[in-house]
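**Student:** Chains W, Y and P supply the protein sequences, listed in that same order. Just so you know, the first sequence maps onto residues 1 to 346 in the working numbering. Just so you know, the second sequence maps onto residues 347 to 692 in the working numbering. Just so you know, the third sequence maps onto residues 693 to 1038 in the working numbering.
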Amino acid sequence: MDRIAYRLADIVARFGGRVEGDAGTEVNQVATLDSAGPLQIAFLTNSKYRKQLESTNAAAVIVAEPDVAATKLPRIVCDNPYSYFAKLSALLNPLAVFAAGIHPSAVIGAGAKIAPSAHIAAHVTIGEGVSIGEGCVIMSGCSIGANAVLGENTRLYPRVVVYHDCVLGNNVIAHSGAVVGADGFGIAMEAGAWLKIPQIGRALIGNDVEIGANTTIDRGALDDTVIEDGVKLDNQIQIAHNVRIGAHTAIAGCVGIAGSATIGRYCRIGGSAGILGHLSIADGVEISSFTLISKSIREKGVYSGIYPFSEKDSWLKNAAHLRHLDEMATRIKLLEKEIELIKGRD
Amino acid sequence: MDRIAYRLADIVARFGGRVEGDAGTEVNQVATLDSAGPLQIAFLTNSKYRKQLESTNAAAVIVAEPDVAATKLPRIVCDNPYSYFAKLSALLNPLAVFAAGIHPSAVIGAGAKIAPSAHIAAHVTIGEGVSIGEGCVIMSGCSIGANAVLGENTRLYPRVVVYHDCVLGNNVIAHSGAVVGADGFGIAMEAGAWLKIPQIGRALIGNDVEIGANTTIDRGALDDTVIEDGVKLDNQIQIAHNVRIGAHTAIAGCVGIAGSATIGRYCRIGGSAGILGHLSIADGVEISSFTLISKSIREKGVYSGIYPFSEKDSWLKNAAHLRHLDEMATRIKLLEKEIELIKGRD
Amino acid sequence: MDRIAYRLADIVARFGGRVEGDAGTEVNQVATLDSAGPLQIAFLTNSKYRKQLESTNAAAVIVAEPDVAATKLPRIVCDNPYSYFAKLSALLNPLAVFAAGIHPSAVIGAGAKIAPSAHIAAHVTIGEGVSIGEGCVIMSGCSIGANAVLGENTRLYPRVVVYHDCVLGNNVIAHSGAVVGADGFGIAMEAGAWLKIPQIGRALIGNDVEIGANTTIDRGALDDTVIEDGVKLDNQIQIAHNVRIGAHTAIAGCVGIAGSATIGRYCRIGGSAGILGHLSIADGVEISSFTLISKSIREKGVYSGIYPFSEKDSWLKNAAHLRHLDEMATRIKLLEKEIELIKGRD
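1) Quick check: what's the CA-CA separation for P:Arg767 versus Y:Leu625?
2) What number of angstroms, rounded off, separates the C-alpha of Y:Thr417 from the C-alpha of Y:Glu400?
3) Can you find a C-beta in chain Y that's less than 7 Å from the C-beta of P:Gly945?
4) Which residues in the same chain as Y:Asp570 place their Cβ atom closer than 6 Å to its Cβ, once the five residues preceding and following it in sequence are excluded?
5) Are three or more beta carbon pairs between the stretch 577–587 of chain Y and the stretch 873–893 of chain P nearer than 8 Å?
6) Name the residue from P:Ala880, P:Glu882, P:Val854 whose alpha carbon lies nearest to the alpha carbon of P:Ile903.
7) Residues of chain Y with a CB under 7 Å from the CB of W:His321: which are they?
8) Do you know how far the Cα of P:Val760 is from the Cα of P:Lys743?
9) Please list the terminal residues of the continuous beta strand (DSSP E) segment that includes W:Phe43.
10) For W:Ala5, collect the residues of the same chain with a Cβ closer than 7 Å to its Cβ; drop the 5 residues on either side in sequence, then sort them by chain order.
11) Return no unless some Cβ of chain Y is closer than 7 Å to the Cβ of W:Leu222.
12) Report buried or exposed for P:Arg911, applying the criterion of at least 16 other Cβ atoms within 10 angstroms of its Cβ.
13) Starting from W:Gln238, find everything on chain P with Cβ-Cβ shorter than 8 Å and list it in chain order.
14) Tell me, please, which residues DSSP counts as bridged to Y:His465.
15) Which whole-angstrom value is the C-beta distance of P:Ala950 and P:Gly969, which I expect to be below 8 Å?
16) Closer than 8 Å, Cβ to any Cβ of chain W: which residues of the stretch 846–861 of chain P, in chain order?
17) In the stretch 96–129 of chain W, which residues sit with their C-beta less than 9 Å from some C-beta in chain P, listed in chain order?
18) Report the residues of the stretch 136–148 of chain W with a CB closer than 8 Å to any CB of chain P, ordered along the chain.
19) At a CB-CB cut-off below 9 Å, which residues of chain W make contact with P:Pro902?
20) Is it true that the CB of W:Lys295 sits closer than 7 Å to the CB of W:Ala282?
21) Just tell me which of P:Ala1011, P:Leu914, P:Thr1022, P:Arg706 has its CA closest to the CA of W:Ala90.
22) From P:His1013 to W:Ser260, what distance separates their C-alpha atoms?
23) Within 10 angstroms of the Cβ of W:Thr371, are there 16 or more other Cβ atoms? Answer buried if so, exposed if not.
24) With respect to the alpha helix (DSSP H) encompassing P:Tyr776, which residues constitute its N-terminal and C-terminal limits?
25) Output the distance between the C-alpha atoms of P:Lys805 and P:Ser823, rounded to the nearest integer angstrom.
26) With DSSP collapsed to three states, give me the class of Y:Thr371.
27) In chain W, which residues lie less than 8 Å from P:Asp910 when you measure between Cβ atoms?
28) On the DSSP letters alone, give me the boundaries of the beta strand (DSSP E) that Y:Ile551 sits inside.
29) Got a sec: is the Cβ-Cβ distance from W:Asn28 to anything in chain P below 7 Å?
30) Could you round the C-beta distance between P:Phe982 and P:Ser964 to whole angstroms and report it? I think they count as a contact, below 8 Å.
31) Can you give me the C-alpha to C-alpha distance between W:Glu286 and W:Cys267, rounded to a whole angstrom?
32) Using the beta-carbon count (16 or more within 10 Å), is W:Leu95 buried or exposed?
33) Using DSSP with H/G/I as helix, E/B as strand and the rest coil, what is W:Leu233?
34) Could you tell me which chain P residues have their CB closer than 8 Å to the CB of W:Ala185, listed as they occur along the chain?
35) Relative to chain A, which residues along the stretch 278–290 of chain W have a C-beta separation below 7 Å, given in chain order?
36) From P:Asp857 to P:His933, what does the alpha carbon distance come to, in whole angstroms?
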């Protein structure tokens, strides 16, 4: 494809910031400082990588004010080079356009309302009564259950499944293998066997949510599972029934969130972390990777619980004592008493 | 859809228990105490939520004997309100019915036997020699490999894959993205490269098993992988080759079970737990979330191994000592000797 | 299917080693010592299972030199019985053959080049400009994005997704639900909302790579994500953008590898382990299951960081002290000083 080039002057007219050096410099792609070549613009988000500015072959760079003198290259100076780069990259790399229309191999249920500008690809199945808004792109092999509702400009990559009655807002992106609205894990023991508890809630996904590949979001048991606007979910995340995730929270890969947990807004959860059921996490909480949250968190802050790794022999030798920590604590207390006794005698 | 209403008298005639209050009260849906409205029946499984009985707008409630006086609402009194609710909800929320027949876009292999009452949806692929029992529902985009066997009333949600030769019993439910019978992870190193070990066993799934969304159950390497009757698997679980899971065991999301592990009957395994290969776990064992089981468990009981989380600064400060626990233990022992020496001198 | 039988003499002529006992003994399948019957050959990889040789009903066995006298059965003697077994099993269990050709329900984009010997199954979607090499098998429901390239003899099981522009080498195997090239998790906060950072790199998969069921490998943000030749990935693994995995590294199920991590060659990573972003792991490193690698590893070796499990009551009692380890260390130091003082006084 022929790439469109933009002058730095055009870019700052669009996104703000100012140009130092030749404002007529043209760029048509973003790149890292290391790999950038002619017509490419790189960015510096951290002053400690300034040294890479010396050797870059980029045509231009995006820098923050403190780094403005660190290069003689044509540059855009702005407050937040990373988000500036995000916006510029979106301009230079527009999403693939999919023609409006329904592929003949798609199977559309009775009463489904599909906006004229939507793209329904090959081998898609759309259930009865489904509503699909303007500009939606439903790629090959997706399956949308009866009476589900998709807002506008929502994009499902190949083989996404949305179960019946679930709702996705506008500008949602769901990557391949994501499953929205499967039954939550609700079982009751009776007479030596598990009874299934029908999962009659829905999964409600707000606007501007991104759902990673093979991530699963279960429908509610009675009430709904809710993912608020602007939430970003990485791959292979499991969100159980009746979870609520507050707006603009970002969750890294492989996290598991158990049933009825309520996560605040603007939280950040690291990879492979876990949150037990029925807990409540305050707004703005940050959870480290590999950390299990086993009780509610009421205060904003960073929380961790990771076993530090070491060479196996060292780990073995040290970890063996974990089963005797309580005894160690008792022995220390005893030693303290002995010392007090000895000192008292003098 | 028009919901069917049942009188409390009809319900206890069907499921047992007794009615207090107006047995002619009609209900057509279950709900939580908080959200229930007219025509809805809620339930109280834990006396500590009794307070919610005061403010509920439910038409009726299900309670256990000790809570019978805690409300004046029409109520069903029974031994186990949770399993009672499960059965009542199943009555009020029957599974969606799918018409018998094979969608014209489905591709059916030579020699496949599909029971007349089975539903085969759009874009399904069924391999040669497959057998599908009465009442099965195979939703859109599923793929069933050659010579696989499905019992009766088994339900595969969209995009489930069953590999060749695998067997699913009766009343199995598999949610979207589940993969049954992919190759186990068998490799042998030779001359600097891994050789693949053909995985020639099968995955055998018993009756009444539920398999969550994006859960994977590998086929056996030589012998079979076996999931016994009534096992309930949540989402995103990985079950490796030659694992055997005993009847009625329930496993929460994101658990990984390594090759040739044998899990007993009626076990409960918490989310993101792990079980190493070739281990044996007794019947009735409960494993906490985030716990790695690294050796066999011969006794029924509850087992845990979770790093307790705290604020990051506190965690950092404390966790640093884990690499020196052995030295700490040595120093305590030394102190004890010193004290003995000092005391001995007196 | 009629199985082909081979004489032990034919087998050693093909794969090396020597026969003890009747070299005319015929076998047509591999099996475990426990389950082997007539016409089946078992193997002994570990002398500690020698006892099973006594009771096996196998027609023949594969053993290493030290075990040659442990049975009177016809036997193949070789250096590495496990890899010998792998090769013999591959001979006895050839991959299913799929006829060349494109199923009429497959949808093929403009300009796609599909080698004549490739098999394209039902309900497959292949984007514009895709290239598929000789001998490839693309099973039902796979989706291959525009301009992706697949080498020769690569095999995608049902419902694999390869995003646009990604490259898979020769002899790659990808199991059902695997997703190659979905967007990495790149977001930048601005004005209270996350901006998406376009993911414009690719995922490049080398030759002889195996990708497990529901494993996800994200495309690069700017540069590419790279999986080198001979890497073996189990199920449910998450590989983030710009990760590089060195040749012949093997990774067990449920592992998460964060963005821009670089893993060496011939590493072995245990199940549910994690590797944080931007780290570097040396060649030949072995990481235990459930271990989070939180800083770079420069030396070959085995690394672990696992919380040892115990009965829940014991765990609770001991784990409570983890939040006070630093205080415990301080108290020990204080005790040591006191002892020194007491000893000094004498």
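Beta carbons are placed, not taken as given, at the ideal position from N, Cα and C, and that holds for glycine.
**Tutor:** Quick answer:
1) 30 Å
2) 7 Å
3) yes
4) Gly547, Arg548, Leu550
5) The stretch 577–587 of chain Y vs the stretch 873–893 of chain P: no contact.
6) P:Val854
7) Per Cβ cutoff of 7 Å: Leu671, Asp672, Ala675.
8) 13 Å
9) It spans 40–43 - the beta strand (DSSP E) in which W:Phe43 sits, taken as one unbroken run.
10) Glu26, Val27, Asn28, Leu39
11) yes
12) Buried is the call here.
13) Within 8 Å Cβ-Cβ: nothing; W:Gln238 doesn't reach chain P, min ~11 Å.
14) Y:Gly447, Y:Val483
15) 4 Å
16) Flagged, chain order: Arg851, Val853, Tyr855, His856.
17) Ala96, His103, Ser105, Ala121, Ala122, His123
18) Met139, Ser140, Gly141
19) The question names Pro, yet the displayed sequence has Glu at residue 902 of chain P. None at all; the shortest Cβ gap to chain W is about 18 Å.
20) No; because the gap between Cβ atoms is not below 7 Å, this pair is not in contact.
21) The residue with the shortest Cα to Cα distance from W:Ala90 is P:Leu914.
22) One C-alpha to the other measures close to 30 Å.
23) Look at the range of chain W in this structure, 1 to 346, and you will see that residue 371 of chain W is not part of it.
24) 773–784
25) 5 Å
26) DSSP places Y:Thr371 in coil when its eight states are reduced to three.
27) Ala213, Asn235
28) 549–551
29) No, its Cβ sits nowhere closer than 7 Å to a Cβ of chain P.
30) 5 Å
31) 6 Å
32) exposed
33) strand
34) The amino acid at residue 185 of chain W is misidentified as Ala; the sequence shows Phe. Simply none; closest approach about 17 Å.
35) Judged by its chain identifiers, the structure shown contains no chain A, and its protein chains are W, Y and P.
36) Each residue's Cα considered, the two are about 15 Å apart.
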